[in-house]
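Peer 1: One structure is given below, represented as C-alpha cells, and several questions about it will come after.
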Amino acid sequence: MITLQQMLLLSGLLFAIAVAGIFINRKNIILLLMCIELLLLSANFNFVAFSRYFGGIDGQVFVFFVLTVAAAEAAIGLAILVVLFRQRNSINVADISSLKG
Amino acid sequence: MSLNPSLLLAIPLLPLVAAIIAGLFGRSIGRAAAAGVTIAGVAISCLLSILVFKQLIFDHAPVFNEAVYTWLVSDGIRMQIGFLVDPLTVMMMVVVTFVSLCVHVYTIGYMADDPGYQRFFSYISLFTFAMLMLVMSNNFLQLFFGWEAVGLVSYLLIGFWYTRPTAIFANMKAFLVNRVGDFGFLLGIAGVVYFTGSVQYTDAFAAVDRIAAEHFTIFNGHAWNALTVICICLFIGAMGKSAQMPLHVWLPDSMEGPTPISALIHAATMVTAGIFMVARMSPLFEGSDAALGFILFIGATTALLMGFLGIVQNDIKRVVAYSTLSQLGYMTAALGASAYSAGVFHLMAHAFFKALLFLAAGSVIIGMHHDQDIRNMGGLRKYMPITWITSLIGSLALIGTPFFAGFYSKDSIILAVENSKLGWISEYATWAVLLGVFVTAFYSFRMYFLVFHGEERFRNKPFPGEHDHASDDAHAHDDHHDEAHAHDDHHVATKDDHGQAHVHVPHESPAVVWAPLVALAIPSVLIGGLAIGPMLGGHFFDGAVLVNLEKHPAMEMVAEHGAHAMEMGLHAVLTPPFWLALAGVVLAWLFYWKKPMYPGTLAARVKPLQRLLENKYYFDWFNENVIARLSRGLGATFWTVGDKGLIDGLAVNGSALTVGALARLVRRVQTGFLYSYAFWMVIGLALLLGWFLVGAR
Chain A
68 MITLQQMLLL SGLLFAIAVA GIFINRKNII LLLMCIELLL LSANFNFVAF SRYFGGIDGQ
128 VFVFFVLTVA AAEAAIGLAI LVVLFRQRNS INVADISSLK G
Chain B
230 MSLNPSLLLA IPLLPLVAAI IAGLFGRSIG RAAAAGVTIA GVAISCLLSI LVFKQLIFDH
290 APVFNEAVYT WLVSDGIRMQ IGFLVDPLTV MMMVVVTFVS LCVHVYTIGY MADDPGYQRF
350 FSYISLFTFA MLMLVMSNNF LQLFFGWEAV GLVSYLLIGF WYTRPTAIFA NMKAFLVNRV
410 GDFGFLLGIA GVVYFTGSVQ YTDAFAAVDR IAAEHFTIFN GHAWNALTVI CICLFIGAMG
470 KSAQMPLHVW LPDSMEGPTP ISALIHAATM VTAGIFMVAR MSPLFEGSDA ALGFILFIGA
530 TTALLMGFLG IVQNDIKRVV AYSTLSQLGY MTAALGASAY SAGVFHLMAH AFFKALLFLA
590 AGSVIIGMHH DQDIRNMGGL RKYMPITWIT SLIGSLALIG TPFFAGFYSK DSIILAVENS
650 KLGWISEYAT WAVLLGVFVT AFYSFRMYFL VFHGEERFRN KPFPGEHDHA SDDAHAHDDH
710 HDEAHAHDDH HVATKDDHGQ AHVHVPHESP AVVWAPLVAL AIPSVLIGGL AIGPMLGGHF
770 FDGAVLVNLE KHPAMEMVAE HGAHAMEMGL HAVLTPPFWL ALAGVVLAWL FYWKKPMYPG
830 TLAARVKPLQ RLLENKYYFD WFNENVIARL SRGLGATFWT VGDKGLIDGL AVNGSALTVG
890 ALARLVRRVQ TGFLYSYAFW MVIGLALLLG WFLVGAR
C-alpha cells in the first residue's frame with residue numbers, strides 16, 4: 068500500500084527537479100517549458116494524492132482542468148518560442164534579457 | 230458754490246485719455262494728430278485747473294475732500310481714489326498743467342525730426358496725469374500711486390533714446406536710486422497705517438498727538454519716537470524724488486533724456502513732488518523737531534554743495550541740472566525751517582524760471598546744432614535774440630534779482646532759515662544758504678556769459694566728428710558721457726543739412742520753440758511780487774499747511790515781510806543776499822567775459838579742489854565702487870550659495886541624484902534572466918512558508 072507520505076514525497080521531488088531545472092538550465096528555452104510542465108504535473112500529482120487520501124474525486128476533476136489549461140499554455144508557449152527564434156536565431160536563455168534594468 | 234467732482238475728475242483723466250490715444254494709436258493717427266490730441270487734453274486740463282483755482286480762491290468755494298471711487302476695503306482700511314483740493318493742491322495743479330502745456334507746445338519744434346514723436350507726446354501726457362493724481366490725492370495710497378507713476382514715466386523718458394548706452398545707464402540709475410527713497414517712503418506710509426488704520430490724510434493728521442506719544446524700539450535698548458521715525462522715513466522718500474544728498478546722483482544723469490523732459494520732469498514738476506509731499510504732511514512734520522532738523526541739514530547741505538558743482542560743468546544742461554539740485558536744496562531747507570509756504574512758493578517760482586531756463590537751453594542746443602558744450606558757444610546774443618532775452622530773465626529770476634520771482638521766494642527762505650530755532654543746524658544752514666546765493670549767481674552767470682557773450686568760439690570749433698581730444702579729457706570726469714557725445718556728433722554730422730561745411734552759425738529757433746519761452750518768462754518776472762502777498766503774507770495756505778508758530782516762529786517773520794512786497798524789493802539793497810548775488814555776477818563777468826584766462830589759472834592753483842568738484846565729491850565713484858560692488862557681491866553670494874547651492878544643488882538636483890542612486894541599486898535585481906526571477910520567487914516562497922510555519926507555532 069502506497070502511503071500519502073510517499074506520494075507527497077514524490078510530488079515534492081518532482082517539484083524540486085522542475086524548479087532546479089528552471090534555474091540551473093541556462094541554455095535551452097524548450098527545457099524551460101518542459102520544466103514548467105513538470106511543475107504543473109507535480110501539483111497535479113498532489114491533487115490526485117489528496118483525492119485518494121480523502122476518498123473524493125474533486126481533486127481528480129481539478130487535474131483535468133489543469134491539464135487542459137497546461138496544454139493550451141504549452142501551445143501558446145511553443146508559438147511564442149517559434150516567433151522568438153525567428154526574431155533572434157537563438158533559443159539560448161542567457162541571450163534573452165531585454166528586461167534587464 | 231462747491232467744486233464739481235466730475236470736473237475735478239476730468240482734470241487728470243483728459244491727459245490720460247490723450248496719452249492712451251497718442252500712445253496706442255499714434256502710428257495710425259499720425260504725428261500731427263498725436264500732438265494735437267495731447268496738447269488739447271493738457272490745454273483743457275490747464276483751463277479747468279485755472280477755473281478751479283478761480284472758484285476756490287476768488288469765489289471762496291469750500292475745500293473739496295471726498296472719495297470719488299472706492300477700490301477696496303480690507304481689514305477696515307478703505308482704499309479709495311479721492312481728491313483733496315485746497316489752495317496748496319490747486320496751486321500745484323495750475324503750475325503742473327501750465328508748465329506741461331508749454332512743454333507740449335515746445336516739443337512740436339524740439340522733437341520735429343525724431344522718429345519717436347508720438348511716443349514722446351504719449352509719455353509727457355501720461356506724466357501730466359500721474360503728477361495730477363499725486364498732487365490731488367487725499368490719501369497715502371493714491372499719493373504713492375502717483376509717486377511711482379511719475380517715477381515710471383521719468384524712467385521711460387530718461388531712456389527715451391534707448392539705443393544710447395548712456396541713456397540706459399542713466400535711467401537705470403534713476404530708477405534704482407529712487408527705489409532707495411521709495412523704500413523709506415513706503416515704510417513711512419506703513420507706519421502711519423500701523424498707528425491709524427487708515428490711509429486718509431485727515432485721519433493721519435488727527436492722530437498726530439497719539440503717534441507722537443508712541444515709541445519704536447529699532448535697535449536694542451534705544452526707543453525712537455514714532456512720529457520722528459515716520460517723518461524721517463517719509464522724508465527719505467522725498468530725498469529720492471527731490472534729489473537731496475546723498476540720493477541726488479540720478480538727477481544730473483537724467484539729462485540724457487530730451488530737453489523738454491529735463492524742463493518738465495527733472496526741473497519744474499516731478500522733482501518738486503518731494504517738497505510738495507512734505508508741505509502736504511506739514512501737520513505730521515510739525516510734531517517732530519528731530520525730523521525738521523534732519524530736513525534742514527540735508528536741504529542746506531544740498532543747496533550749497535550742489536551749487537559748487539554747477540561751476541565746473543561744461544554741458545549746458547548739466548549746469549542747469551546742478552542749479553536745480555541746489556534750488557531743491559533751498560526748498561527743502563525752507564521745509565526744515567517750518568516755512569512750508571515759503572518752500573512751496575519757491576517751488577512755484579522755480580517751476581516757471583527753471584522750466585524757462587531749460588527750454589532756453591534746449592533752444593540754444595537746437596541753434597548750436599545739438600552741441601551742448603558751453604565752451605563751444607559764445608556771442609549767441611546776436612543770433613538768438615529771443616532765447617537770449619528770455620534766458621537773461623530766467624537767470625535774473627534764479628539768482629534773486631529784486632522784484633523777480635526768485636528774489637521773493639529765495640529771500641523768504643533765507644529769512645525763514647535765519648529765524649529757525651533748531652540749534653546748531655540753523656546756524657549752519659544760515660551760512661550754507663547765504664553762501665549758496667553767491668554760488669548760484671556765479672554759476673548762472675558763468676553759463677550766461679559763456680553762452681551769450683564774449684568770443685564766438687563756435688567759429689573755432691572743429692568740425693563735428695573730429696571732436697578735439699582736449700575737450701574729451703575735460704569730460705573724462707564723467708566716463709559715461711563721452712560716448713553720448715561721440716554719438717551726438719555722429720548724429721549731427723549725418724543729419725545736419727542746413728549748416729555750412731565747417732562753421733555752424735547758430736540761428737533762432739522756430740516760433741513753437743520760442744513762444745513757450747515767452748509764456749514762461751512772464752510769470753518768471755511777475756509771479757513773485759504778485760503771489761508773495763497772499764501766499765506768505767496772507768492766508769492763502771491757511772488750512773492746507775499747518776505751522777506750530779509757538780515752537781517754530783520763523784514763518785511769522787517771513788509773513789511780516791511778505792505782506793509788503795514792494796518794500797521788500799526796495800530794501801533788498803540793504804540785505805546780504807543782494808550783495809552776495811551781485812558779487813557772484815561780477816566775478817562771473819570778470820572770469821568768463823573780461824578775462825577768460827583767469828579760471829584756468831585759478832583751477833591750476835587749487836588742483837585738489839578742482840578734482841574734487843569734477844568728480845562730484847566722488848559720490849558716483851562711491852556708489853559704483855562701494856555700494857554697487859557690495860550689493861553685486863552680496864547678490865552673487867546669494868546666487869551661488871543660496872540659489873545654485875542650496876536650491877538648485879541640494880533641493881532640486883540633490884533629490885534627483887538620491888533617487889538615481891537608489892534606482893541604480895534596485896536595478897541590479899532586474900537581471901532580465903527568467904531563471905533568476907524564478908530563483909528569487911522560490912526563495913521568497915520558501916521564506917514566506919517558513920515564516921508561516923514558525924508563526925503558526
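From first to last, the protein sequence lines stand for chains A and B. What the first sequence shows, in my numbering, is residues 68 to 168, in sequence order. What the second sequence shows, in my numbering, is residues 230 to 926, in sequence order. Quick reminder that beta carbons are idealized off the backbone N, C-alpha and C, glycines included.
1) Return no unless some Cβ of chain B is closer than 7 Å to the Cβ of serine 164 (chain A).
2) Return the CA-CA distance between aspartate 708 (chain B) and glutamate 853 (chain B), expressed in angstroms with no decimal places.
3) Quick one: what's got a C-beta closer than 7 Å to methionine 401 (chain B)'s C-beta in the same chain, skipping five residues either side?
4) Tell me, which residues are paired with methionine 308 (chain B) by DSSP?
5) To the nearest angstrom, how far is the alpha carbon of leucine 576 (chain B) from that of tyrosine 391 (chain B)?
6) In chain B, which residues lie with their C-beta within 8 Å of the C-beta of alanine 161 (chain A)?
7) Mind pulling the chain A residues with CB within less than 9 Å of valine 911 (chain B)?
8) Could you pull out every unbroken alpha helix (DSSP H) segment of at least 4 residues lying fully inside the region 541-570 of chain B, listed in chain order?
9) Pull up the distance between the alpha-carbon of serine 383 (chain B) and that of alanine 496 (chain B), whole angstroms please.
10) Once you ignore the five residues that flank isoleucine 151 (chain A) on each side, which residues in its own chain have a CB closer than 8 Å to its CB?
11) Output, in chain order, the set of chain B residues within a Cβ distance shorter than 7 Å of lysine 94 (chain A).
12) Just the Cα atoms here: how many angstroms apart are phenylalanine 131 (chain A) and asparagine 92 (chain A)?
13) Out of B:Pro631, B:Trp909 and B:Val334, which one is the CA nearest neighbour of valine 802 (chain B)?
14) If we define contact as Cβ-Cβ less than 7 Å, is phenylalanine 908 (chain B) a contact residue for chain A?
15) Considering just the uninterrupted stretch of the alpha helix (DSSP H) at histidine 333 (chain B), what are its terminal residues?
16) Can you give me the C-alpha to C-alpha distance between arginine 408 (chain B) and glutamate 377 (chain B), rounded to a whole angstrom?
17) Taking contact to mean at least 3 C-beta pairs separated by less than 8 Å, is the region 582-599 of chain B in contact with the region 518-532 of chain B?
18) Kindly indicate which residue of B:Ile397, B:Ala341 and B:Leu627 has the alpha-carbon position closest to the one of valine 741 (chain B).
19) Just the Cα atoms here: how many angstroms apart are glycine 864 (chain B) and aspartate 877 (chain B)?
20) State the DSSP-derived secondary structure class of isoleucine 527 (chain B), mapped to helix, strand or coil.
21) Between which two residues does the alpha helix (DSSP H) carrying asparagine 454 (chain B) extend?
22) So which of B:Asp315, B:Cys275 and B:Ser905 has the shortest CA-CA distance to histidine 289 (chain B)?
23) Between the C-alpha atoms of histidine 710 (chain B) and isoleucine 465 (chain B), what's the straight-line distance to the nearest angstrom?
24) In or out: threonine 488 (chain B) buried (at least 16 other Cβ within 10 Å) or exposed?
25) Rounded to the nearest angstrom, what separates lysine 583 (chain B) and glutamine 556 (chain B) at their Cα positions?
26) DSSP on serine 366 (chain B), reduced to helix/strand/coil?
27) Using only the alpha-carbon positions, how far apart do glutamate 656 (chain B) and isoleucine 459 (chain B) sit?
28) On the criterion of 16 or more Cβ atoms from any shown chain inside 10 Å, does asparagine 749 (chain B) qualify as buried, or is it exposed?
29) Counting C-beta neighbours from all protein chains within 10 Å, is the total for methionine 484 (chain B) 16 or more, i.e. buried, or is it exposed?
30) Using DSSP's beta-bridge definition, name the partner residues of alanine 296 (chain B).
31) Which residue wins for smallest C-alpha separation from arginine 348 (chain B), given the options B:Leu381, B:Ser329 and B:Arg256?
32) With three or more C-beta pairs closer than 8 Å as the rule, is the region 549-563 of chain B touching the region 678-690 of chain B?
33) By Cβ distance, which residues of its chain are closer than 7 Å to glycine 188 (chain B), with the 5 residues on each side in sequence left out?
34) To the nearest whole angstrom, what separates the beta carbons of methionine 786 (chain B) and asparagine 648 (chain B), a pair I think is in contact under 8 Å?
35) In three-state terms, what does DSSP make of isoleucine 97 (chain A)?
Peer 2: On the basis of the data shown:
1) For this step, residue 164 (chain A) is matched to residue 97 along the first sequence. It does: the Cβ of serine 164 (chain A) has a partner Cβ on chain B nearer than 7 Å.
2) As a working note, residue 708 (chain B) is residue 479 in the second sequence. As a working note, residue 853 (chain B) is residue 624 in the second sequence. Note that aspartate 708 (chain B) scores 40 on pLDDT, short of 50, meaning its location in the model is unreliable; the coordinates nonetheless yield the value given after this. Aspartate 708 (chain B) and glutamate 853 (chain B): Cα-Cα distance of roughly 12 Å.
3) Stepping through the second sequence from its first residue, residue 401 (chain B) is reached at position 172. Excluding sequence neighbours, methionine 401 (chain B) sits near nothing in its chain.
4) Here residue 308 (chain B) refers to the residue found at position 79 of the second sequence. Bridge partners of methionine 308 (chain B): B:Leu301.
5) Here residue 576 (chain B) refers to the residue found at position 347 of the second sequence. Here residue 391 (chain B) refers to the residue found at position 162 of the second sequence. Answer to the nearest angstrom: the Cα atoms are 31 Å apart.
6) Translated into positions along the first sequence, residue 161 (chain A) becomes position 94. Result: Phe902.
7) By one-based count along the second sequence, residue 911 (chain B) stands at place 682. Val86, Ile89 and Phe90, listed in chain order.
8) 545-565
9) The sequence position of residue 383 (chain B) within the second sequence is 154, counting from 1. The sequence position of residue 496 (chain B) within the second sequence is 267, counting from 1. Taking the straight line joining both Cα atoms gives about 12 Å.
10) Position 84 of the first sequence holds residue 151 (chain A). It should be pointed out that residue 151 (chain A) corresponds to leucine in this sequence rather than to isoleucine. These residues qualify, in order along the chain: Ile96, Ile158 and Ile163.
11) As a position in the first sequence, residue 94 (chain A) is number 27, starting the count at 1. Residues of chain B with a Cβ closer than 7 Å to the Cβ of lysine 94 (chain A) do not exist; the shortest Cβ-Cβ separation is about 11 Å.
12) Within the first sequence, numbered from 1, the residue matching residue 131 (chain A) stands at position 64. Within the first sequence, numbered from 1, the residue matching residue 92 (chain A) stands at position 25. C-alpha separation (whole angstroms): 29 Å.
13) Within the second sequence, residue 802 (chain B) is the residue found at index 573, counting from 1. Selected option, being the one with the closest Cα: B:Pro631.
14) Along the second sequence, one-based indexing puts residue 908 (chain B) at 679. So, interface residue.
15) Here residue 333 (chain B) corresponds to residue number 104 of the second sequence, with the count starting at 1. Histidine 333 (chain B) -> alpha helix (DSSP H) spans 316-339.
16) Here residue 408 (chain B) is taken as the residue at index 179 of the second sequence, counted from 1. Here residue 377 (chain B) is taken as the residue at index 148 of the second sequence, counted from 1. One C-alpha to the other measures close to 9 Å.
17) no
18) What you label residue 741 (chain B) is simply residue 512 of the second sequence in a count that begins at 1. That would be B:Ala341, whose Cα lies nearest to the Cα of valine 741 (chain B).
19) For this step, residue 864 (chain B) is matched to residue 635 along the second sequence. For this step, residue 877 (chain B) is matched to residue 648 along the second sequence. Glycine 864 (chain B) and aspartate 877 (chain B): Cα-Cα distance of roughly 16 Å.
20) Here residue 527 (chain B) is taken as the residue at index 298 of the second sequence, counted from 1. Helix, per DSSP.
21) Your numbering for residue 454 (chain B) matches position 225 in the second sequence. Careful: asparagine 454 (chain B) lies outside any alpha helix (DSSP H), inside the beta strand (DSSP E) at 451-454.
22) Locating residue 289 (chain B) in the second sequence gives position 60, where the first residue counts as 1. Considering only alpha carbons, the answer is B:Asp315.
23) For the purposes of this step, residue 710 (chain B) is taken as residue 481 along the second sequence, with counting starting at 1. For the purposes of this step, residue 465 (chain B) is taken as residue 236 along the second sequence, with counting starting at 1. Low confidence applies to histidine 710 (chain B): its pLDDT is 41, below 50, so where it sits in the model is not reliable enough to give any reading.
24) As a position in the second sequence, residue 488 (chain B) is number 259, starting the count at 1. With 16 or more Cβ atoms within 10 Å of its Cβ, threonine 488 (chain B) is classed as buried.
25) Indexing the second sequence from 1 puts residue 583 (chain B) at position 354. Indexing the second sequence from 1 puts residue 556 (chain B) at position 327. When rounded, the distance between both Cα atoms is 9 Å.
26) Position 137 of the second sequence, counted from the start, is the residue given in the question as residue 366 (chain B). Note: serine 366 (chain B) maps to strand in three-state DSSP.
27) The residue you call residue 656 (chain B) lines up with position 427 of the second sequence. The residue you call residue 459 (chain B) lines up with position 230 of the second sequence. Their Cα atoms are separated by approximately 26 Å.
28) Taking the second sequence and counting its residues from 1, the one referred to as residue 749 (chain B) is at position 520. As written in the sequence, residue 749 (chain B) is leucine, which differs from the asparagine given in the question. Taking every protein chain shown into account, the CB of leucine 749 (chain B) has 16 or more other CB atoms within 10 angstroms, so this residue is buried.
29) The count along the second sequence starts at 1 and reaches residue 484 (chain B) at position 255. When all chains shown are included, methionine 484 (chain B) counts as buried.
30) In the second sequence, the residue the question calls residue 296 (chain B) occupies position 67. The partner list for alanine 296 (chain B) (beta bridge, DSSP) reads B:Gly311.
31) For the purposes of this step, residue 348 (chain B) is taken as residue 119 along the second sequence, with counting starting at 1. Nearest C-alpha to arginine 348 (chain B): B:Arg256.
32) no
33) This structure gives no information on residue 188 (chain B), because the portion of chain B shown stretches from 230 to 926.
34) The residue given as residue 786 (chain B) occupies position 557 in the second sequence. The residue given as residue 648 (chain B) occupies position 419 in the second sequence. About 5 Å; that satisfies the 8 Å criterion.
35) Reading the first sequence from its first residue, position 30 is the one you call residue 97 (chain A). Isoleucine 97 (chain A): helix per DSSP, three-state reduction.
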